[in-house]
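One structure is given below, encoded as structure tokens.
2 protein chains.
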Amino acid sequence: MGTRSLSSRSVAGQLVDRLVEIVGGEWVVRDPEGLEEYRHDATFMESAPLCAVRPGSTEEVAGVVAAAAAAGVPVVARGAGTSLVGGPVPLAAGVVVSLDRLTLLEVDAANTVATAGAGVITAALDEAAAAHGLMYPPDPASYGMSTIGGNVACNSGGMRCVKYGVTADYVIGMTVVLASGQVLRLGGKLRKRASGYRTMQLFIGSEGTLGIVTEVVVKLIPRPRHVATAMVGFRRLEDAGAAVARALAAGHFPAAIEILDRGSLELVADKLPPGFEPGLEAVLVVEQDGNDEESVQLDLMKMVEMLDGDDNRIAQSSLERERLWEARRSFGKVLMAMPKNFFAEDVAVPIAEIPEMIRRVQTLAARTGLRIVTVGHAGDGNLHPTILFEDAQRDLVSGAAAQIFRDALELGGSISAEHGLGALKRDYAELEHGALGMAVMKRIKDALDPAGILNPHKVFPEQAADDRFLESMPGWLPDPERRRRKAELGL
Amino acid sequence: MGTRSLSSRSVAGQLVDRLVEIVGGEWVVRDPEGLEEYRHDATFMESAPLCAVRPGSTEEVAGVVAAAAAAGVPVVARGAGTSLVGGPVPLAAGVVVSLDRLTLLEVDAANTVATAGAGVITAALDEAAAAHGLMYPPDPASYGMSTIGGNVACNSGGMRCVKYGVTADYVIGMTVVLASGQVLRLGGKLRKRASGYRTMQLFIGSEGTLGIVTEVVVKLIPRPRHVATAMVGFRRLEDAGAAVARALAAGHFPAAIEILDRGSLELVADKLPPGFEPGLEAVLVVEQDGNDEESVQLDLMKMVEMLDGDDNRIAQSSLERERLWEARRSFGKVLMAMPKNFFAEDVAVPIAEIPEMIRRVQTLAARTGLRIVTVGHAGDGNLHPTILFEDAQRDLVSGAAAQIFRDALELGGSISAEHGLGALKRDYAELEHGALGMAVMKRIKDALDPAGILNPHKVFPEQAADDRFLESMPGWLPDPERRRRKAELGL
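First to last, the sequence lines map onto chains A and B.
Quick note on the working numbering: the first sequence kicks off at 26 and runs consecutively.
Quick note on the working numbering: the second sequence kicks off at 26 and runs consecutively.
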């Protein structure tokens with residue numbers, strides 16, 4: 026990293042003075058109380074920034090980055106702070122650039138696109154689209170809190186992604202501030218382009234390490250007018266996994282297929298429909314959508330038939346739909362209400378490997394004595410094994426998480442399906458991407474941010490895997506309020 | 026470019042000897058007759074390579090690139106040679122690496138993915154998927170000839186892209202040979218990943234200038250079991266354009282919406298349905314797909330109603346479907362049979378700007394006396410204005426094409442929607458991407474191919490726009506066979 030030490034008080038002081046000039050004094054946060062929220066995200070990690078700024082425009086963001094770059098001080102972009110991997114935690118101190126004031130939101134219905142500032146809450150974007158009969162599909166569990174800027178930085182997923190794809194599939198235009206402070210405008214309102222490198226895609230999912238995205242243009246799609254929901258239970262986990270793969274291969278194209286394993290079903294047992302088969306190894310919640318009510322319901326019934334479960338419920342009303350979703354949706358809240366600590370992972374495997382992955386997690390639980398329950402987006406192989414543990418078991422968690430990563434990779438998967446690498450998983454990145462893969466990424470980083478100004482200590486490994494993972498574990502979610510927020514996110 | 030001159034006979038000779046060692050003598054082409062097909066693509070451009078090689082594996086491709094890099098000789102990857110922008114024409118001579126022998130093709134139905142060597146014909150990939158009830162959606166007009174490797178290099182589109190997206194939306198795994206000859210494996214059979222930079226996306230659409238993709242894993246989707254087709258005619262062009270935007274915004278999600286303007290309708294007048302309204306300014310061919318026959322037909326009827334055209338035909342049988350497509354599909358063949366030369370462009374504009382773009386093309390035609398007819402994929406704003414001209418008008422074509430580019434850019438569009446930049450459009454790239462956009466692309470190029478070994482003289486501008494465009498025009502498709510092939514491509 027070419028960043029300068031801040032031991033020199035005058036460098037820091039001069040930079041802050043300059044930032045006040047750029048964004049105005051009221052938008053520069055310096056006092057410890059005000060800085061509290063900029064120290065952490067939804068993980069246990071934390072680190073104090075030099076200051077936080079809340080620019081009101083792309084030009085102000087550019088000015089801030091240029092000033093910080095000139096001073097050799099790191100810059101960390103921040104959305105709503107809902108990251109589960111330490112993404113926006115300012116590990117190298119420096120300037121936190123909060124994008125919360127960039128809230129431009131315009132739907133262009135004639136072109137079926139929307140333009141949104143990085144600070145727009147993702148659910149608000151989808152609601153604005155809905156007012157025109159349109160939809161912004163990617164729906165991370167945090168989408169009522171997280172911002173489109175944060176979603177773009179992490180290439181967020183969600184439940185609807187099995188049918189509709191992830192954030193990267195929707196971004197067609199972008200304004201990004203480079204490490205130099207220059208403003209680069211990419212793409213526009215165009216849905217199809219084969220002109221030059223896909224630079225825009227490079228910034229998506231780069232977790233603020235290549236540039237700071239201040240505004241995006243996203244594609245919208247027609248909003249389906251009808252939705253139908255079913256719950257299908259399986260006595261054998263293998264049958265559930267095989268059923269998902271079989272149904273997708275047979276031509277069913279559901280809007281969601283969520284899975285809960287035995288452990289997670291135990292947690293939410295009282296939310297299951299009355300009389301639902303007890304002792305199941307897995308439950309799928311399946312949703313179908315479309316414009317014609319009858320055919321949506323028919324498609325769902327055919328899919329349920331093909332899934333061939335041991336207990337099926339098909340919702341006959343929107344009230345019944347909500348009830349079927351209750352078990353899946355209450356998972357996070359139930360966790361929160363428990364006296365135990367928990368740690369939620371985010372791995373993915375090819376869909377045919379889902380039963381094997383869940384089995385491995387169960388074996389790991391049996392071997393370590395840790396309680397590990399798994400929910401996930403089965404349709405794209407994205408599982409969230411969640412480790413529940415007592416204070417005394419803390420030392421086991423790091424090794425267990427590492428084993429989950431290794432198992433996912435062995436099965437052809439990834440250590441992060443929708444949360445990013447951040448600081449929490451960076452030391453495992455090379456296990457997934459290999460030395461050459463990391464070297465290519467590093468060359469790209471050096472080409473776009475030669476001084477290492479943007480979000481240092483993220484994405485790239487700094488130590489061999491295992492040596493440092495979760496070393497700050499003693500600071501584990503000490504604050505009940507932060508525990509509550511975390512429980513509502515990404516699970 | 027750091028490439029060495031080949032004036033030294035011994036460098037060239039030694040390299041060829043080394044290539045024979047790597048791929049075997051029978052797969053190295055050196056004689057002028059054998060090299061004929063490697064000199065050109067589907068444009069008028071041509072240039073003789075030092076030699077062509079046809080490696081049989083990724084490892085052989087890697088060996089070839091390493092040997093060429095060591096000798097400082099450029100390498101140009103080649104698929105089926107159907108490029109319409111000079112992409113695979115070896116302008117700096119060097120070694121053409123034909124990927125036609127990389128024909129591995131495996132459908133993994135349980136994971137709804139396929140693995141394909143770069144040399145697999147795209148239609149064959151889709152057929153292999155169809156055998157499992159699956160579909161590979163991107164369908165460039167050339168897909169019966171072009172290869173998946175070429176499609177990936179150019180991020181190809183097609184008619185189904187309005188609903189299903191382009192090539193880049195389907196690639197989830199990749200083997201790529203870097204400029205150093207190292208083999209990088211990216212992704213896998215996983216549908217969702219938020220781990221590290223989106224390096225894979227960078228290679229897609231980079232036209233062989235950042236690496237040579239030898240194998241890909243692509244997502245497949247359930248193949249819709251039913252298709253319904255309609256033709257809708259408009260007396261006023263504006264009504265057609267407005268209708269497309271209105272229907273998409275209102276929740277219709279067609280599998281294709283093709284447009285033919287007045288000029289193109291004149292060319293294919295005898296292919297229109299009997300008694301179809303004469304003197305129309307535009308015709309849309311609309312397709313709807315899905316699993317339930319009745320609801321697919323119903324959706325189409327509702328959409329046709331909303332399009333509110335002046336003459337509508339809805340196919341009642343697959344024979345009628347074929348007949349409705351005949352007008353659109355015969356366009357290329359009709360061009361071929363005409364005594365005139367033609368030049369087909371590939372621009373895109375935001376969908377609401379389609380009528381304005383077509384009007385501007387018509388104004389240009391009136392001003393220059395050139396006959397310009399337009400067909401296109403209206404659903405994503407992708408238009409192919411096609412200039413028909415006599416030998417005596419040749420000097421006008423270059424300026425007319427440049428004006429079409431400028432008009433598309435002025436309307437927020439792109440100079441290439443699905444063909445790439447290649448050599449033919451490189452000098453216009455900066456008009457679209459700006460100096461900073463080009464500089465960022467160049468930094469990426471330099472980071473991944475510092476010696477400029479891979480496909481030189483493509484993508485990046487070498488002269489100011491207009492100075493050189495189409496300068497080789499006198500060589501315009503002299504060969505009737507090549508004219509025939511071109512007519513079947515991309516129109």
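By construction, the Cβ of each residue, glycine as well, lies at the ideal position given by its N, Cα and C atoms.
Being a predicted model, the structure only gives us computed values, none of them experimental.
What span of residues does the beta strand (DSSP E) with residue i cover, start to end?
i      : result
A:K244 : 237 to 244
B:R210 : 208 to 212
A:E263 : That residue, A:E263, is in no beta strand (DSSP E); its alpha helix (DSSP H) goes 262 to 274.
A:I197 : 196 to 202
A:N337 : 336 to 339
B:R103 : 100 to 103
B:G230 : That residue, B:G230, is in no beta strand (DSSP E); it is neither H nor E in DSSP.
A:F430 : That residue, A:F430, is in no beta strand (DSSP E); its alpha helix (DSSP H) goes 419 to 435.
A:A91  : Careful: A:A91 lies outside any beta strand (DSSP E), inside the alpha helix (DSSP H) at 83 to 96.
A:V122 : 120 to 123
A:A369 : 366 to 369
Below 8 angstroms between beta carbons: does that hold for residue i and residue j?
i      : j      : result
A:L325 : A:V311 : yes
A:D371 : A:H409 : yes
A:V257 : A:L309 : yes
B:I237 : B:V145 : no
A:A425 : A:L389 : yes
A:V53  : A:Y161 : no
B:V177 : B:I229 : yes
B:V241 : B:G198 : yes
B:G174 : B:A149 : no
A:V530 : A:P74  : Residue 530 of chain A is absent from the model: chain A starts at 26 and stops at 516.
A:V122 : A:V100 : yes
B:A352 : B:V114 : no
B:A433 : B:A369 : no
B:R216 : A:G406 : yes
Who does residue i pair with in a DSSP beta bridge?
i      : result
A:P247 : A:L159
B:R346 : Per DSSP, none; premise fails for B:R346.
B:L309 : B:V257, B:I284
A:P486 : Answer is none; A:P486 lacks a bridge partner.
B:T399 : B:P410
B:C76  : B:V120
A:G315 : A:H251
Between which two residues does the alpha helix (DSSP H) harbouring residue i extend?
i      : result
B:H458 : 454 to 473
A:R392 : 379 to 393
B:S320 : 318 to 332
A:L60  : 57 to 60
A:V177 : 173 to 179
A:L360 : 356 to 362
B:V138 : It is not in any alpha helix (DSSP H) - B:V138 instead sits in the beta strand (DSSP E) that spans 138 to 142.
A:V132 : Looking at the DSSP string, A:V132 is not in any alpha helix (DSSP H); the run it does join, the beta strand (DSSP E), is 130 to 133.
B:Y189 : 186 to 189
Find the nearest neighbour of residue i within the set the options, judged by alpha-carbon distance.
i      : options                        : result
B:G357 : B:E152, B:F367, B:R348         : B:F367
A:Y222 : B:L446, B:L456, B:P475         : B:L446
B:P163 : B:T140, B:N136, B:D194         : B:D194
A:A94  : A:T393, A:V202, A:A340, A:E378 : A:V202
A:G276 : B:H157, B:S205, B:D133, B:H444 : B:H157
A:A204 : A:G477, A:K483, A:V484         : A:G477
A:R37  : A:A77, A:L129, A:E51, A:Y63    : In the sequence as presented, Arg is not what sits at residue 37 of chain A; that position holds Ala. Here the closest residue by C-alpha is A:A77.
A:R384 : A:D420, A:A281, A:V269, A:R261 : A:R261
A:P299 : A:R348, A:D432, A:T239         : A:R348
A:A118 : A:V484, A:F485, A:N480, A:E487 : A:N480
A:A155 : A:R248, A:M70, A:L273          : A:R248
Less than 7 angstroms separating the Cβ of residue i from some heavy atom of the ligand GDP?
i     : result
A:A93 : Among the ligands in the structure shown, none appear at all, so the ligand GDP cannot be discussed.
>> Does the structure place the region 386 to 404 of chain A close enough to the region 287 to 304 of chain A that three or more beta carbon pairs sit under 8 angstroms?
In response: yes
> Contact between the region 103 to 114 of chain A and the region 159 to 173 of chain A: three or more CB pairs below 8 angstroms?
Replying inline: yes
> Is the region 326 to 339 of chain B close to the region 255 to 271 of chain B, with three or more CB pairs under 8 angstroms?
Replying inline: yes
>> For the pair the region 375 to 387 of chain A and the region 432 to 439 of chain A, tell me if three or more CB-CB distances fall below 8 angstroms.
In response: yes
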